[in-house]
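Q: Below you will find the structure I want to go over with you.
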Amino acid sequence: MITTITIFVPLLGAILMLLLPEEERPLRYAALAVAAVPLLLTLYIYLAYGSGLDAPSLTQDFTWIESLNMGYRVGLDGLGFGMFFLTALLTLIAVVASYDVRENLKQYFAILFIAEVGMLGVFASEDLILFYIFFEITLIPMYLLVGIWGDENRRQAAIKFFVYTFLGSTVMLAGFLAFGILAGTYAMEALSAGGGLGRTAQIAVAAPILFGLLVKVPAVPLHGWLLDVYVSSPISTNVVLSGILPKLGTYGLIKVAIPLLPQGVQPFLPYLAAFGVINIIYGAFVAFAQPDLKALVAYSSIGTLGFILLGAASGNAVGLNGAVLQQVTHGLYSALLFVLVGVIAARTGTRKIRELGGLAARMPWAGGLLALGAMAAMGLPGLAVFVSEFMSIMGGYDAYPVQGILASLGIVLSAMYLLYMLARVVFGPIETPAYEAVEDARPMEMAAAVPLAVLLVLFGVFPALLVSVQRPGVEAVISAIGGG
Amino acid sequence: MVTGQTFVALLPELVAVGFLILVLMVGVFFQRSVGVVAGLAALGALAVFGSAAGLLAAGFSGEFFGGGFVVDNFALYFKLIVAGSAFFAVLAAARWSGDTGDAPEYLTLILAVVLGSILVVSMRDLFGIFLAIELATIPSYAMVAFDRRRRESAEGGMKYLITGVVASSVLLYGIVLIYGVSGSALLGDVARTFSGSLSPVALLGLVLLLSGFAFKVSAAPFHFWTPDAYQGAPTSAAAFLSVAPKAALFAVLLRILLEGMPEARPTWTAVMAFLAILTMFVGNLAALRQRNVRRMLAYSSVAHSGYILAAFAALQGQGAGQAVEAVLIYSAAYAVMNLGAFLVIDLVGEDAKSFNGLFRTRPALAASMGVFMASLVGIPPFSGFWGKAWIIFSGAQSGSVLVYVVVGALVVNSVLSVPYYFGIIRNMFFEKPTLDAAEPPGGGALKASVYVLALLTALFFLLIVPISALAGGSGLG
């Protein structure tokens, strides 16, 4: 029950937003309060249930259409809990970071909260059709967030995003339907380890599902929609867009494709690992070439998503744990970097790396946090991303040595472009005289960035905080695919 | 034998006739007070809805007039759709028809179409079906041509009349041939003849019958009257005619095929499969090029006829029962979203550009239109998604390769339809307002209808369980 409440609180929040008068301050406070509720509920679940997420009070199973065996089935498990928490957190951060949204504020929050319903729902779904419905509920809100509040290029970006991901998810739905019809149910629990399907049928079903999920991630070369969308969005939308949305795809891999269709995905796994490596290396190279700080962060973000693919494809406990953890740590660091890019662009009036420089002197907080975020992105030990990337590579190396080695090369490449970026932006002399007078991050901006930075350090030092919760979920996946 | 039961069975029809006469007569005396007449007509639609709902709740069913008229859950369900759509059409028409000065006549026409449509879904006799279809169609010609101030209205009405008459004669010819082969027009007797291999005459009769229906439901290649008729017609007429009589026609076609020719299933599912594929593609490809929202919605209604025909193609194998459910669900789902989309035109305008910036000037209306457009594409959780999902569920269980192709075409067409529906969303949400921000006065009932329909579209999933329960007890499928 508490899971259902958490999922639908933002819907009530969205309605509340629309009913409130158009006054900026009360609206912002109300939105903060609404966004805080799911986060507090999630924290309560963490503290009260911790490693026993399969408690009946967290699940609901209501068969809705008997003849199709389709129902409202939700629950939390180790695989989804981290993302469930991250969704609640990043929505709150997005509300805090919405200082760059000035007009139609209440509609902005309402649409953001509707997207939150969909995202929370995906990470708690225990039914394929429900999973798809929540998956699609995020689509229109994201389209509107980019299209209404983005920059000049927003229309094209929004439509590209919509067409790509709608095509992907429609193909995925076709796979889900075929799966459900062949197996006679849509309940994920009953479908575990193939739901009685033979190997050929599993492969036929897995192919469209994988395609749809990889478009959402996006795996290179299905990433055509990504750059425009990331660059055109307002910063607060970026937080959610890069922190949560790609994980709908990767979570689908880990929660649906791999454990439910183990024999079906098996022939694709080496390619999945290869896709991961391509993401890592391609992302790093293209990020290197970006003149725009936001585009650099966007490519860095797709790059490190590759580790999730690699870890998920490994099929062993280390790799899967790494992948599940990387979903969360990736969200933390990419949200942090996008927030800081927003701060820097707002103060200096530019995002061009060439025009920036020496910000450490003028903006010690923003510059320092940017350095921290970049170091997290490089996978520096002591920060959360290190743990998850390391585990993904270890697991990936065990299963696919070539891909594993190439992926570790990716770490070196990402260190190169991130250090180069830091050297140009944060350190060095101040090149433009106008930046002599720029101010540091404001309190609201700090309020958006600092919690992310703190969590990056916290999970870097104590990864067990998350790993202990996710372990039972990962073990269930391992047993479904017949390993260890 | 006519007993008291017969009058109960005919209650919705009798109520419709009563209100039809009442509206016409009261209209003579209250020519100027549109409120009274429109209120009466709306009450009439509600009364028809209520009486059908009452019969449904009471579990009333039976055959009357020697088996030619049947009341079952299936028929009552479609009476609900027709009467419900009529209610919104009357609300939408009230102000506009008042401006024409002929409100009573226009509203009477709506009730006449209602009468024909609720009769047709209960008919089990081919000639009765034909007469009821004509009873619904002839007033609709007048409705399309009713706007005397616009030349397109007369043009649309004329085209609709000529093609409609041709369609009627084709349909009648088909019926006569079927009657000639089987010696009876009752569907039960027809079923005995349409077994085993079909004689050439019976086959010709079937093809002509299906072609006649294809004309009436605007299936390609017989759809060409649709864009002109709907573009010329008053908005309330286009909204109502694209929903209510069409649902009734699909319902009676389903009855003819399932009760009258179950043995000829391989033949007619194949015909339906080809019609469905053609209609979906023609409708969507033509809609892509439209700048006029009314015309765009007209082509969209062609495409949606194609989707429903896909459900007809899936009436075989394991999925047959689900396919009947799909027709039931789709008809209601389409009714709420399409009525809503048409009604918004009266509040905003028919040029796609007039939707620019609606989100900034009238956010609630823009959100409602956004819901209708997303629903027409088939995005969950809106009504259109459930309609399409049921067609896919049934098609996937049919076990026929041809139906798999149809289902594939349906999925492709859903993606194909994104640009034109989302073009409206883009204009509303992403563009700067071009119109003056001031809202046109009045239209309160119209706006309320739009909001109610948007809510119904969004919460449609709550209706699915009751609808599929109805389908199970309908006697069909």
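Heads up: the protein sequence lines correspond to chains A and B, in order.
Heads up: the first sequence begins at 1 in our numbering, then just goes up one per residue.
Heads up: the second sequence begins at 1001 in our numbering, then just goes up one per residue.
Don't be surprised by glycine CBs; every beta carbon is placed ideally from N, CA and C.
(1) Cα separation between V1144(B) and W1225(B)?
(2) Would G484(A) be called buried (16 or more neighbouring beta carbons within 10 Å of its own) or exposed?
(3) Is the beta carbon of P1227(B) sitting closer than 8 Å to the one on R1295(B)?
(4) Residues of chain B with a CB under 7 Å from the CB of I133(A): which are they?
(5) Using the rule of at least 16 other Cβ atoms within 10 Å of the residue's Cβ for burial, across every protein chain shown, is F62(A) buried or exposed?
(6) Does chain A have any CB closer than 8 Å to the CB of Q1316(B)?
(7) Sorted by chain position, which residues of the same chain lie with C-beta nearer than 6 Å to R1360(B)'s C-beta, five sequence neighbours on each side aside?
(8) What first and last residue would you give for the beta strand (DSSP E) that runs through M70(A)?
(9) To the nearest angstrom, report how far apart P118(A) and I133(A) are at their CA atoms.
(10) Does A31(A) come within less than 8 Å of chain B when only Cβ atoms are used?
(11) Are the beta-carbon atoms of L53(A) and G78(A) separated by less than 8 Å?
(12) Going along the segment 161-183 of chain A in order, which residues come within less than 7 Å of chain B, judged by CB to CB distance?
(13) Could you tell me if A289(A) is buried or exposed, where buried requires 16 or more neighbouring beta carbons within 10 angstroms of its beta carbon?
(14) Beta-carbon within less than 8 Å of L380(A)'s beta-carbon, same chain only, minus the 5 sequence neighbours each way: which residues are those?
(15) Who pairs with G1062(B) in a beta bridge, going by DSSP?
(16) Taking 6 Å as the limit between beta carbons, can you name the residues of its chain near A1142(B), skipping five residues before and five after?
(17) Please list the residues of the segment 1282-1312 of chain B that have a C-beta atom closer than 8 Å to any C-beta atom in chain A, keeping them in chain order.
(18) Please confirm whether L305(A) and P246(A) have their CB atoms less than 8 Å apart.
(19) Please go through the segment 82-125 of chain A and give each complete beta strand (DSSP E) segment of 3 or more residues, from N-terminal end onward.
(20) If you count every other CB in all the chains shown that lies within 10 Å of the CB of V265(A), and 16 or more means buried, which is it?
(21) Given that a residue counts as buried once 16 or more other Cβ atoms are within 10 Å of its Cβ, and exposed if not, what is E431(A)?
(22) Which residue wins for smallest C-alpha separation from A298(A), given the options Y99(A), F131(A), L340(A), L210(A)?
(23) Could you check which residue in E439(A), S479(A), L370(A) has the C-alpha nearest to that of A448(A)?
(24) When the Cα of G180(A) is compared with those of Y230(A), L222(A), L260(A), L455(A), which residue comes out closest?
(25) In terms of alpha-carbon separation, which member of T237(A), S51(A), M416(A) lies closest to L336(A)?
(26) How big is the Cα-Cα spacing for F462(A) and L1455(B)?
(27) Residues of the segment 1164-1191 of chain B in Cβ contact with chain A at a cutoff of 7 Å, in chain order, please.
(28) Who pairs with D1125(B) in a beta bridge, going by DSSP?
(29) Does the separation of the CB atoms of V1243(B) and S1085(B) fall below 8 Å?
(30) Using a Cβ-Cβ distance under 8 Å, would N153(A) count as near chain B?
(31) I'd like to know whether the C-beta atoms of A206(A) and F131(A) end up nearer to each other than 8 Å.
(32) Tell me the DSSP secondary structure of T63(A) in three-state form.
(33) Rounded to the nearest angstrom, how far is the Cβ of F1088(B) from that of L1339(B), given a contact under 8 Å?
(34) Quick check on E126(A): buried or exposed, where buried means 16 or more other Cβ atoms within 10 Å of its Cβ?
(35) Threshold first: 4 residues or longer. Then list the alpha helix (DSSP H) segments lying entirely within the segment 394-452 of chain A, N to C.
(36) Is it buried or exposed for V467(A), if we count other Cβ within 10 angstroms and need 16 for buried?
A: Concretely, from the data shown:
(1) 12 Å
(2) Model confidence at G484(A) stands at a pLDDT of 44, short of 50, so the residue's coordinates are unreliable and nothing is read from them.
(3) Going by C-beta atoms, P1227(B) is nearer than 8 Å to R1295(B).
(4) P1380, P1381
(5) Burial check for F62(A): the Cβ neighbour count within 10 Å stays below 16, so the residue is exposed.
(6) By this cut-off, Q1316(B) is not an interface position.
(7) P1433
(8) 70-74
(9) The question names Pro, yet the displayed sequence has Gly at residue 118(A). Cα-Cα distance, rounded: 8 Å.
(10) By the rule that beta-carbons nearer than 8 Å mark a contact, A31(A) does not touch chain B.
(11) If you check the CB distance, L53(A) and G78(A) come in under 8 Å.
(12) F162, V163, F166, L167, T170, A174, L177, A178, I181
(13) Taking a 10 Å sphere around the C-beta of A289(A), we find fewer than 16 other C-beta atoms and assign the residue as exposed.
(14) F386
(15) V1071(B)
(16) L1109
(17) none
(18) yes
(19) Counting only unbroken stretches of 3 or more residues, no beta strand (DSSP E) element lies wholly within the segment 82-125 of chain A.
(20) buried
(21) So E431(A) counts as exposed.
(22) Residue L340(A) is the option with its Cα nearest to A298(A).
(23) L370(A)
(24) L260(A)
(25) T237(A)
(26) 47 Å
(27) none
(28) L1186(B)
(29) Yes, the Cβ-Cβ distance between V1243(B) and S1085(B) is below 8 Å.
(30) no
(31) No, they are not a contact pair.
(32) strand
(33) 5 Å
(34) When all chains shown are included, E126(A) counts as buried.
(35) As far as the segment 394-452 of chain A is concerned, its whole alpha helix (DSSP H) runs of at least 4 residues are 401-425.
(36) buried
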